[in-house]
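Just below is one structure, and these are the notes that go with it.
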Amino acid sequence: MRQINEARRLRALSLSEHLADIASARLRILAELDCLNVQARAVLLEHNILLNLDAPTSDIPDELLAMIFEAHKDMPLSQGLEPHFGALVSHVSHRWRRIALSTPTLWSRARYMTGKSNTPVQQFALYLSRSKLAPVDIYLDIRHLRPGS
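Going by the UniProt record's numbering, 36 is the number at position 36 of the sequence shown; the sequence numbering is gapless.
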């Protein structure tokens, strides 16, 4: 039977303990990073709110801003791949998002492209649900439809 070198066994044990310490330190650092990320999001939110309060559009009443958003509905449905206008304005600020989501006509025009679509079915359905009871115009682009699909 082979004899295990005691010095190597002790060194391997020491290295195992060191690896466990490193793993524990990594977990502490990851937890600290998560905490810092939460703090950064909170600070960024407050920062953006303060900046948005001084934005030129901050004095425009919500109803008027909704009407401005709705004016986009008279523009022709684009065949391009740019983002949906409602999605675009809903990503500007919390206030604009709240207004956009409460303006059904902003979501009443939907474009769905088959094949190499930038509009997944779930996103298309979400836009339709946001349109609530507003009449809906749907643009279907089937140019990229593959036979049998």
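Cβ atoms here follow ideal geometry from the backbone N, Cα and C, with glycine treated the same way.
In this structure, DSSP gives Ile29 a helical state, which the three-state scheme calls helix. Per DSSP, reduced to three states, the secondary structure at Ile138 is strand. By the Cβ rule, the stretch 57-67 does not count as touching the stretch 14-22, because fewer than three pairs are nearer than 8 Å.
The C-beta separation of Ala100 from Gly86 comes to about 5 Å, placing the pair in contact by the 8 Å criterion.
Under the 10 Å beta carbon count, Thr57 is surrounded by fewer than 16 other beta carbons and is classified as exposed. With respect to Lys73, Thr105 sits close: the two C-beta atoms are nearer than 7 Å. Considered as a whole, the stretch 50-115 harbours 109-113 as its complete beta strand (DSSP E) runs of no fewer than 3 residues, in chain order.
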